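Peer 1: Numbering (full-length UniProt numbering), first residue to last: 1 to 233.
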């Protein structure tokens with residue numbers, strides 16, 4: 001969902017790190033390896049989590065676009081993956097598709113750019129709080145989106161946190177206008193459990209704009225993202 005040097009999981013990227021105690025110093029350029037490179041030093045955990053989320057977000061956002069929209073009366077059903085350790089609600093009519101790098105991806109059968117995806121990545125952190133608060137993560141996410149060549153405009157709508165047992169879940173909403181699919185509303189949720197980063201990403205076209213009914217339904221999906229009760233600890 002900080003994220004975020006939006007790249008595929010097989011690529012690497014570099015970022016400039018400024019020294020807050022010496023603003024005039026020349027920024028250092030650091031090479032960030034993709035989530036596959038798990039042999040990292042403890043001091044690199046924050047950067048690795050950042051790349052993991054950004055890479056995951058990119059994977060889930062790049063989906064085909066088809067015409068039409070899904071039904072106003074769409075109902076939800078629960079989906080649980082006990083092997084990976086997550087559960088969430090999904091629109092009943094949406095279909096499961098395969099996508100490289102995605103743990104789970106469901107698409108609207110009549111508009112493939114409307115989708116719900118999950119990516120699970122091993123990390124060395126025990127909670128998202130070790131990385132930063134929701135606003136810090138949201139800022140990283142928006143900065144990463146702005147750096148994409150395809151991005152025309154991006155605006156953060158909200159960043160919140162909810163607690164389920166000892167699991168911290170960060171939730172985000174932002175508007176993304178790009179050359180790949182036009183204007184979309186993006187909902188994201190992320191948490192860390194059992195040394196894994198879980199990232200949910202929901203993309204929905206704003207053509208036409210989201211109705212109140214659709215928004216409420218997508219918010220239910222976001223709020224439902226969690227570990228199964230039997231694994232919640």
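All C-beta atoms in this analysis are idealised placements derived from N, C-alpha and C, irrespective of residue type, glycine included. Only a predicted model underlies this, so the values are computations on that prediction, with no experimental measurement involved.
On the premise that residue 125 lies in contact with residue 200, defined as a C-beta separation below 8 Å, what is that separation, rounded to the nearest angstrom?
Peer 2: With 8 Å as the limit, residue 200 and residue 125 do not qualify as a contact, their Cβ atoms being about 18 Å apart.
Peer 1: Note the first and the last residue of the continuous beta strand (DSSP E) segment covering residue 212.
Peer 2: For residue 212, no beta strand (DSSP E) encloses it; the enclosing alpha helix (DSSP H) starts and ends at 212-224.
Peer 1: Confirm, please, whether the CB-CB distance from residue 176 to residue 160 is below 8 Å.
Peer 2: no
Peer 1: Starting from residue 120 and walking both ways along the alpha helix (DSSP H), at which residues does that stretch end?
Peer 2: Unbroken run through residue 120 is the beta strand (DSSP E), 111-122; no alpha helix (DSSP H).
Peer 1: Does the beta-carbon distance from residue 93 to residue 205 come in below 8 Å?
Peer 2: no
Peer 1: Which of the three DSSP states, helix, strand or coil, is assigned to residue 125?
Peer 2: For residue 125, the three-state secondary structure derived from DSSP is coil.
Peer 1: So, for residue 198: in the same chain, excluding its five sequence neighbours on each side, which residues have a beta-carbon less than 6 Å away from its beta-carbon?
Peer 2: Within the same chain, residue 198 has close Cβ partners 86, 120, 191.
Peer 1: Using a Cβ cut-off of 8 Å (strictly closer), state whether residue 213 contacts chain C.
Peer 2: No chain C appears in this structure, which consists of one protein chain only.
Peer 1: Using three-state DSSP, classify residue 175 as helix, strand or coil.
Peer 2: strand
Peer 1: Spell out the partners DSSP gives residue 142 in its beta bridges.
Peer 2: Partner(s): none; residue 142 has no beta bridge.
Peer 1: Less than 6 Å between C-beta atoms, sequence neighbours within five positions excluded: which residues of the same chain meet that for residue 172?
Peer 2: 138, 159, 188
Peer 1: Quick one: what does DSSP say residue 163 is sitting in, helix, strand or coil?
Peer 2: strand
Peer 1: According to the Cβ coordinates, are residue 144 and residue 168 closer than 8 Å?
Peer 2: no
Peer 1: Pick from 115, 202, 83: whose alpha carbon is nearest that of residue 96?
Peer 2: Per the Cα distances, 115.
Peer 1: In its own chain, which residues sit with a C-beta less than 6 Å from the C-beta of residue 106, not counting the 5 before and 5 after it?
Peer 2: Answer for residue 106: 90, 94, 96, 116, listed in chain order.
Peer 1: Mapping the DSSP letters down to three states, classify residue 192 as helix, strand or coil.
Peer 2: strand
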